[in-house]
Each structure stands twice: as structure tokens, then as C-alpha cells.
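Visitor:
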Amino acid sequence: MIEYVRKYADLTGAERIEVVSPADDARLIEEALAAGELQPAGEGRYYSRSYHKDTARSEERTIVASNDEKDKGVYNNWRPASEMIPMLEDRMRGASQGKTMYVIPYLMAPPGNELAPWATGVQVTDTRTVVLHILRMARVGAEHLNDAGDQFVRAVHVTGDTGEPRPGHRRRPALLRHRG
């Protein structure tokens, strides 16, 4: 995991690396409020907004990159991982300069569940609101990687300029998620 994090921190040019846990939630909320990344929406509730044309919001633009075309979903496009990973890594180069790279170790299944080997992962992101969302969606903490060895889902999310801008499109996030 350390090699994986170091690779993407170096590639994206992240200024700092921070491994997060649920204990960081309140601090991250305060930081996001102060930075204008979250808006208060009632007692203990917050509103966050992402760019409406993010590829994560467009099924027709979602690409599944794997070694097996059978992994393609109903609404997804498929490309070989050997083609997509180098292209995405090239677009990520320097995209997180001056930012913090948050490292989120997670488990998306109950501990000990038969799906745990496929639901254990680490996401690195330069976006505080992504961290806050994952803290609410998954079990987060380094302890979930204790038995994973080299077999964990690797996900990378950066929000810098990842390519030639299109008219009316200021930034494009790049998300790379793969199984090691």
C-alpha cells in the first residue's frame, strides 16, 4: 500500500499526504465549511456540490477498464486496462500540486464477510468532500487492510486539469479504480 500511495502522490505532485480515519471527520467538516466546499443544510447536515458534468455523473461516459471485457456493465463502455491506465496516469501528472493527498483505507462489506476480499480498498484523492462521503459510505480505517496483503482495490481521484478543456468545462476529474 505504501508503494501505491507514494506512486500516485509523486505522479500527481501532492504537497502533503494524510491517512484518514473516522476520527478526522469533525475536523474535515470544519475545514470544508471554512473553504466553502460544504454549506450548512440544517442541524448536522451539509450540502456539497460537484461539477455537474463530472464523468461520475454520466453513465454513457463511464469507462470500465479491466483485463476482461466481461466486466463491462450494462451502461458502461469497456477498454483494456493496459490502454486506460497509462492514459489516465499521464492526465493525472501534476494535477494535485499544492494539495493534500488524502489516503482512505476502507471496507465496503462487513468484516469477515465472504465479499471482504473484493470490498477492501484504498482510495487516494485530493478532494476533502470525497473523503467525507466515503467516511459515510464505508468502514474506514487502516485496520481493514491488515489481512489484505497486496490484494486490495486501488482507486485514484484527482480534480486538477486532466486534459484539454472543452468549452464550458473548467475541470475534469480523473478516477482510476483497479484491483491489484
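Using our numbering, you'd call the opening residue of the sequence shown number 502 and step up by one each time.
Glycine included, each C-beta is placed from N, C-alpha and C at the ideal position.
(1) Runs of 3 residues minimum, wholly inside the segment 603 to 646: which ones carry the beta strand (DSSP E) assignment?
(2) For Ile586, which of Pro541, Val641, Asp651, Ala656 has the nearest alpha-carbon?
(3) At the level of alpha carbons, what is the spacing between Leu574 and Ala566?
(4) Would Arg629 and Glu532 be called neighbours here (beta carbons separated by less than 8 Å)?
(5) Roughly how many angstroms separate the alpha carbons of Gly514 and Ser597, rounded to a whole number?
(6) Considering Cα atoms alone, identify which of Ala535, Asn647, Tyr509 is closest to Pro606.
(7) Here's a check: name, in chain order, each residue in its chain whose Cβ is nearer than 8 Å to the Cβ of Ser522, leaving out the five neighbours to either side.
(8) My guess is that Glu516 and Thr601 are in contact by the Cβ rule of under 8 Å, so how many angstroms apart are they, rounded?
(9) Thr563: which of Ser549, Tyr548, Arg580, Thr626 sits nearest, CA to CA?
(10) Using a Cβ-Cβ cut-off of 7 Å (strictly less than) and excluding sequence neighbours within five positions of Val632, which residues of its own chain qualify?
Guide: Once the coordinates are examined:
(1) The segment 603 to 646 contains these whole beta strand (DSSP E) runs: 621 to 626.
(2) When each option's Cα is compared against that of Ile586, the closest is Ala656.
(3) For the sequence presented, residue 574 should be read as Gly rather than Leu. Their backbone Cα atoms lie some 11 Å apart in a straight line.
(4) Result yes, Cβ atoms of Arg629 and Glu532 sit closer than 8 Å.
(5) 5 Å
(6) Asn647
(7) Cβ neighbours of Ser522 beyond the five flanking positions: Val641, Gly642, Ala643.
(8) 7 Å
(9) Arg580
(10) Val521, Leu529, Tyr603, Ile605, Thr626
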